[in-house]
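**Student:** So that we are looking at the same thing, I have put the structure below in C-alpha cells.
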Amino acid sequence: MSEGRDLALDEECPSARTVAGGQERLQQSRRLENLGQLVGGAAHDFNNLLNVISGYADFAAEQLTSLAKEDDRLESVLADVEQIRTAAQQAIRVTRQLLAFSNSETADRQVLDVNEVVKTAG
Amino acid sequence: MEASDTSGQQGRILLVDDDSALGGYLSRVLRTGGFDVAHELDAYTALLRVRTEQWDLLMTDIELPGMSGLELLDRVHETVPGLPVVVLTGNPSVDYAASALHGSAAEFLSKPVSPGDLLAKATELIEAGRAGAGLDLTGSPS
C-alpha cells in the first residue's frame with residue numbers, strides 16, 4: 084500500500100527523492116559545521132593553555148641554564164624541563180592542525196594582517 | 193585583581209583577560225621587560241581603574257564576561273582619549289578590525305602572542321603615546 088503511494092508520489096513529483104537527498108546533505112553539512120565549531124573552540128582554549136605551559140617552561144629553562152653552571156645537579160632538572168618544552172610545542176602543532184580543520188569546516192578563511200586591514204580601511 | 197609589580201620603570205600597563213592562566217603569563221612576560229603590570233579579569237573593574245589611576249597602555253582581550261573588550265575600548269576613550277590600547281584576540285577577523293577601528297584601537301595582537309612581539313608592541317605604543325601627548329602626559333584620567 085505504502086509502496087504504491089511512494090511510486091505514485093514519484094510519478095507525480097519526480098524531484099521528491101532529490102529534495103529528500105538534498106535535505107539529508109544539508110543536515111550532514113550542518114552537523115559538520117557544528118562539529119567544526121566545537122573542535123575550534125576547544126582547540127583555541129587548548130592552544131592558549133599550551134602556550135602558557137610552554138612559556139613558563141621557557142622561563143624555568145632560562146633560569147636553570149644559568150643556575151646549572153654553578154650546580155651540576157640542576158642539569159637533570161633542566162633536561163626534564165626541556166622535555167616539557169618539546170612536548171608542549173608538539174601539542175601546540177597538533178592543536179593548530181585542529182584549528183585549521185575547524186576553520187576549513189566553518190568558513191572559507193584566509194590569513195590577514197588585521198593591522199594592515201584597519202589602516203587601509205582608515 | 194592580581195598583584196602588580198611596582199618596580200616597573202618602562203610604563204604602567206593594565207591587562208584585561210578573563211583567562212587567569214594566560215593573563216598571569218602575559219603579565220609575567222611584560223614584567224620581564226620592566227613594565228609595571230596590573231591584571232584584571234573583567235572590563236568593569238578595568239574601567240574603574242582607568243578612571244581612577246594613570247596608565248601608559250591598556251591591553252584587553254575581546255571576549256570578556258559582561259562588557260566586551262571592544263565596548264571597554266569605546267568607554268575608555270570617552271574618559272582617556274589618548275590612552276594607547278592593544279586589542280588581544282584569538283579570532284582576528286575583519287569584523288573585529290572594523291569594530292576596533294570605530295573605537296580607535298591602537299593595535300591588534302593575535303593570541304597566542306610571542307613574548308618578543310608583546311614586549312616590542314608595548315614599548316612601541318607607550319613611546320608613541322608619550323611622544324604624542326608630551327613627556328608628562330601619559331594617559332592621565334580626565
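Just so you know, the sequences run in chain order A and B.
Read in order, the letters of the first sequence are residues 84 to 205 in the working numbering.
Read in order, the letters of the second sequence are residues 193 to 334 in the working numbering.
Every residue gets a Cβ at the ideal spot worked out from N, C-alpha and C, and that includes glycine.
On a predicted model such as this, the values are computed, not experimentally measured, just so you know.
State the start and end residues of the unbroken beta strand (DSSP E) segment that holds B/Phe300.
**Tutor:** Here the beta strand (DSSP E) through B/Phe300 covers 299-302.
**Student:** From which residue to which residue does the alpha helix (DSSP H) around B/Leu218 run?
**Tutor:** Start and end: 212-224.
**Student:** Please classify B/Asp248 as buried or exposed, where buried requires at least 16 neighbouring CB atoms within 10 angstroms.
**Tutor:** Buried, by the Cβ-count rule.
**Student:** Which residue marks the beginning of the beta strand (DSSP E) containing B/Arg204, and which one marks its end?
**Tutor:** Where B/Arg204 is concerned, the enclosing beta strand (DSSP E) stretches over 204-208.
**Student:** Rank B/Arg267, B/Glu299, B/Ser302 by C-alpha distance to the C-alpha of B/Thr237 and give the top, closest one.
**Tutor:** Ranking B/Arg267, B/Glu299, B/Ser302 by Cα distance to B/Thr237 puts B/Arg267 first.
**Student:** Is A/Thr189 helix, strand or coil by DSSP?
**Tutor:** With a pLDDT of only 47 at A/Thr189, under the threshold of 50, the placement of this residue in the model should not be trusted; the figure read from the coordinates follows. It is helical.
**Student:** Reducing DSSP to helix, strand and coil, say where A/Glu153 ends up.
**Tutor:** Of the three classes helix, strand and coil, the one that applies to A/Glu153 here is coil, per DSSP.
**Student:** Does the segment 253-270 of chain B come into contact with the segment 217-230 of chain B, if we say contact requires no fewer than three beta-carbon pairs (one atom in each stretch) closer than 8 Å?
**Tutor:** No: the two stretches stay apart, fewer than three of their Cβ pairs being nearer than 8 Å.
**Student:** At a Cβ cut of 7 Å, what residues of the segment 205-216 of chain B count as close to chain A, listed as they run along the chain?
**Tutor:** Those would be Asp211, Ala213, Leu214, in chain order.
**Student:** Between the Cα of B/Thr281 and the Cα atoms of B/Val242, B/Leu239, B/Val305, B/Pro273, which residue gives the shortest distance?
**Tutor:** The option with the nearest alpha carbon to B/Thr281 is B/Val305.
**Student:** I believe B/Val221 touches B/Thr252 by the beta-carbon criterion, under 8 Å. Please report the beta-carbon distance rounded to the nearest angstrom.
**Tutor:** Contact flag wrong, Cβ pair sits at about 16 Å.
**Student:** Determine, using beta carbons only, whether B/Ala235 and B/Gly216 come nearer to each other than 8 Å.
**Tutor:** Not a contact, by the Cβ cut-off of 8 Å.
**Student:** Using beta carbons (cut-off 8 Å, strictly below), is B/Lys303 in contact with chain A?
**Tutor:** It does: the Cβ of B/Lys303 has a partner Cβ on chain A nearer than 8 Å.
**Student:** Starting from B/Asp248 and walking both ways along the beta strand (DSSP E), at which residues does that stretch end?
**Tutor:** B/Asp248 -> no beta strand (DSSP E), and no H or E assigned at all.
**Student:** Take A/Asp141 as the anchor and find which of B/Gln202, B/Thr224, B/Thr244, B/Lys313 has the nearest alpha-carbon.
**Tutor:** Cα-wise, what sits closest to A/Asp141 is B/Thr224.
**Student:** B/Pro307 versus chain A: which residues are under 8 Å apart at the beta carbon?
**Tutor:** In chain order: Gly138, Asp141.
**Student:** If you follow the alpha helix (DSSP H) that B/Glu263 is in, where does it begin and where does it stop?
**Tutor:** Unbroken alpha helix (DSSP H) run through B/Glu263: 261-271.
**Student:** Tell me, please, whether the segment 205-214 of chain B touches the segment 113-126 of chain A by the rule of three or more beta-carbon pairs shorter than 8 Å.
**Tutor:** With the cut-off at 8 Å, the segment 205-214 of chain B and the segment 113-126 of chain A do not touch.
**Student:** Per DSSP, which one or two residues make a beta bridge with B/Thr281?
**Tutor:** The partner list for B/Thr281 (beta bridge, DSSP) reads B/Ser302.
**Student:** So, is B/Glu232 buried or exposed, given that buried needs 16 or more other C-beta atoms within 10 angstroms?
**Tutor:** B/Glu232 should be labelled buried.
**Student:** Applying the 10 Å Cβ sphere with the 16-neighbour rule, what's the burial state of B/Gly321?
**Tutor:** B/Gly321 is buried by the Cβ-count criterion.
**Student:** Please list the residues of the segment 117-132 of chain A that have a C-beta atom closer than 8 Å to any C-beta atom in chain B, keeping them in chain order.
**Tutor:** Result list: His127, Asn130, Asn131, Leu132.
**Student:** Does the beta-carbon distance from B/Leu310 to B/Leu250 come in below 8 Å?
**Tutor:** Cβ atoms of B/Leu310 and B/Leu250: not closer than 8 Å.
**Student:** So, at 7 Å on beta carbons, what are the nonlocal neighbours of A/Ala144 in its own chain, with the 5 sequence-adjacent residues on each side left out?
**Tutor:** Leu161, Val164, Glu165, Arg168.
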